[in-house]
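Asks:
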Amino acid sequence: MMPDDSSFQQSDICAVWDHVAATYEEIDSSGPDYQAYHQRMIELIGSPKGRHVCEVGCGAATTSAFLARLGARITLVDLSQGSLAYARQLFEKLGMGVTMCRANGLAMGFRDGAFDIVWNGGVIEHFTDNGKVALLQEMWRVTRPGGLLLVTVPNAHDWPFILGKAIARWRGKWIFGFEDDLSVGRFRRLAERAGIPNPSFHAHNPIVGWWFLPWGRGVTRRFGLDTLERHARVSRFGHVLALLARKPI
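What follows is the structure, given as structure tokens:
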């Protein structure tokens, strides 16, 4: 049953993400930005082989496909039919099995402790603070004791990204709807409200935020910055801010 609070997320959430799903064909998951993201993820969660992994708000599901290739069993959750359709085609193209569930991440319907790893990337920043807490609580609920919760968001200290997003909104080209990016401090306080003990925080990739500025992608390539080494660099200003927590046994 859905929480009775429409303030958790924007009312047109499905329309927004169905529109975004139309851009997924442009994703190049072989690029150094994705390689760095996947490399960092494995450093944080360890080998996914044989583990049941749930991505809550899967979008294009490119990273979950990467985990599946490494031997993970994947469950995908999303409200957007466009996103699930793209993800289904991706897994079919790769010849890999996947379980798909069209549901709101705030009330997924899975049993407590159903998954070894529960994660998402670029999702909770699209919720209000109450919604962020509710989503973290639901993801934590379906994480098994001893399992891992991983949540990545855009870093509020990535100033090129923040500026680029403001420019995109001013130009009417921002397609991702409501977004409220997080600093480590805010993320920690939200985790505390959600009852998640002792999370750790990790930021990397000081390059990709520049891509949101006009001509930013071209500039990073011209100056030799669009490399795996640069994208993987740990930095408090890195675009990707990750929360990692292990559920007590």
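Heads up, the sequence shown is in our numbering, so the first residue is 178 and it goes up one at a time.
Using N, Cα and C, we set each Cβ at its ideal position, and we do this for glycine too.
Nothing here was measured: the structure is a model prediction, and the numbers come from that model.
(1) Is Val275 helix, strand or coil by DSSP?
(2) From what residue to what residue does the beta strand (DSSP E) around Ile251 run?
(3) Report the option in Phe414, Glu406, Asp289 whose CA atom is closest to the CA atom of Cys231.
(4) So, helix, strand or coil for His161, using DSSP?
(5) Can you tell me which of Leu359, Leu421, Arg228, Ile190 puts its alpha carbon nearest to the alpha carbon of Asn281?
(6) List, from N- to C-terminal side, the beta strand (DSSP E) runs of 3 residues or more that fit wholly inside the region 196–261.
(7) Less than 7 Å separating the Cβ of Leu340 from some heavy atom of the ligand NAP?
(8) Look at the Cβ atom of Leu261, then the Cβ atom of Met273, and state whether they are nearer than 8 Å.
(9) Return the chain-ordered list of same chain residues with a C-beta closer than 6 Å to the C-beta of Phe243, the five sequence neighbours on each side being excluded.
(10) Would you call Val385 buried or exposed, if buried means 16 or more other Cβ atoms sit within 10 Å of its Cβ?
(11) How about Ala409 and His381: do their beta carbons lie closer than 8 Å?
(12) Under a three-way DSSP split, which group does Gly167 fall into?
(13) Given a threshold of 16 other Cβ atoms within 10 Å of its Cβ, counted over all protein chains shown, does Asn297 qualify as buried or as exposed?
(14) Taking 8 Å as the cut-off, does the region 325–341 touch the region 407–424 (at least 3 CB pairs, one atom from each stretch)?
(15) Our contact map puts Leu283 next to Phe185 with C-beta atoms below 8 Å; I'd like the distance itself, whole angstroms only.
(16) So, using beta-carbon positions, are Ile373 and Leu313 closer together than 8 Å?
(17) Specify, as a first and last residue, the run of the alpha helix (DSSP H) that Gln383 falls within.
(18) Starting from Phe287 and walking both ways along the alpha helix (DSSP H), at which residues does that stretch end?
(19) Going by other Cβ atoms of all chains shown within 10 Å of its Cβ, with 16 needed for buried, is Thr239 buried or exposed?
(20) Which residue from Ile344, Ala371, Glu302, Leu340 puts its Cα closest to that of Asp441?
(21) Can you give me the C-alpha to C-alpha distance between Pro331 and His416, rounded to a whole angstrom?
(22) Where do the N-terminal and C-terminal ends of the beta strand (DSSP E) with Trp388 fall, by residue?
(23) Would you report the Cα separation of Ile426 and Pro322, rounded to the nearest angstrom?
Replies: Short version:
(1) One-based indexing of the sequence shown puts residue 275 at position 98. The answer is coil: DSSP assigns Val275 none of H, G, I, E or B.
(2) By one-based count along the sequence shown, residue 251 stands at place 74. Element bounds for Ile251: 250–255.
(3) If you number the sequence shown from 1, residue 231 lands on position 54. Residue nearest to Cys231 within the set Phe414, Glu406, Asp289 is Asp289 (criterion: CA-CA distance).
(4) Because the chain is modelled from 178 through 426, residue 161 falls outside the range shown and cannot be assessed.
(5) Translated into positions along the sequence shown, residue 281 becomes position 104. Ile190 is the residue among Leu359, Leu421, Arg228, Ile190 whose C-alpha sits nearest the C-alpha of Asn281.
(6) Counting whole runs of 3 or more residues, the region 196–261 contains the beta strand (DSSP E) stretches 229–233, 250–255.
(7) The ligand content of the structure shown is nil, which means the ligand NAP is not present either.
(8) For this step, residue 261 is matched to residue 84 along the sequence shown. For this step, residue 273 is matched to residue 96 along the sequence shown. Judged by their CB atoms, Leu261 and Met273 are not nearer to each other than the 8 Å cut-off.
(9) As a working mapping, residue 243 is identified with position 66 in the sequence shown. Cβ-Cβ distances below 6 Å link Phe243 to His215 in the same chain, with the five nearest sequence neighbours on each side left out; the list follows chain order.
(10) Working through the sequence shown from its first residue, we reach residue 385 at position 208. A buried status is given to Val385, since no fewer than 16 other beta-carbon atoms sit within 10 Å of its beta-carbon.
(11) Walking along the sequence shown from the start, residue 409 turns up at place 232. Walking along the sequence shown from the start, residue 381 turns up at place 204. Yes, the pair counts as a contact, with Cβ atoms nearer than the cut-off.
(12) Residue 167 is absent from the model: the chain starts at 178 and stops at 426.
(13) Within the sequence shown, residue 297 is the residue found at index 120, counting from 1. With 16 or more other Cβ atoms within 10 Å, it is buried.
(14) Contact between the region 407–424 and the region 325–341 is present, because at least three Cβ pairs lie under 8 Å.
(15) Position 106 of the sequence shown, counted from the first residue, corresponds to residue 283. Position 8 of the sequence shown, counted from the first residue, corresponds to residue 185. The pair is a contact, with the Cβ atoms about 6 Å apart (cut-off 8 Å).
(16) Taking the first residue of the sequence shown as position 1, residue 373 is located at position 196. Taking the first residue of the sequence shown as position 1, residue 313 is located at position 136. Going by C-beta atoms, Ile373 is nearer than 8 Å to Leu313.
(17) Locating residue 383 in the sequence shown gives position 206, counting from the first residue. What sits at residue 383 in the sequence shown is Pro, not Gln. Note, Pro383: premise wrong, no alpha helix (DSSP H); not H, not E.
(18) The sequence position of residue 287 within the sequence shown is 110, counting from 1. Element bounds for Phe287: n/a, residue is neither H nor E.
(19) Within the sequence shown, residue 239 is the residue found at index 62, counting from 1. Residue environment analysis places Thr239 among the buried positions, since at least 16 neighbouring C-beta atoms fall within 10 angstroms of its C-beta.
(20) Residue 441 cannot be examined here, being either before or after the span of the chain that is shown, 178 to 426.
(21) Here residue 331 refers to the residue found at position 154 when the sequence shown is read from its first residue. Here residue 416 refers to the residue found at position 239 when the sequence shown is read from its first residue. Whole-angstrom Cα-Cα distance: 5 Å.
(22) Locating residue 388 in the sequence shown gives position 211, where the first residue counts as 1. Here Trp388 belongs to no beta strand (DSSP E), and DSSP marks it neither H nor E.
(23) For the purposes of this step, residue 426 is identified with residue 249 of the sequence shown, where counting begins at 1. For the purposes of this step, residue 322 is identified with residue 145 of the sequence shown, where counting begins at 1. Taking the straight line from one Cα to the other gives about 5 Å.
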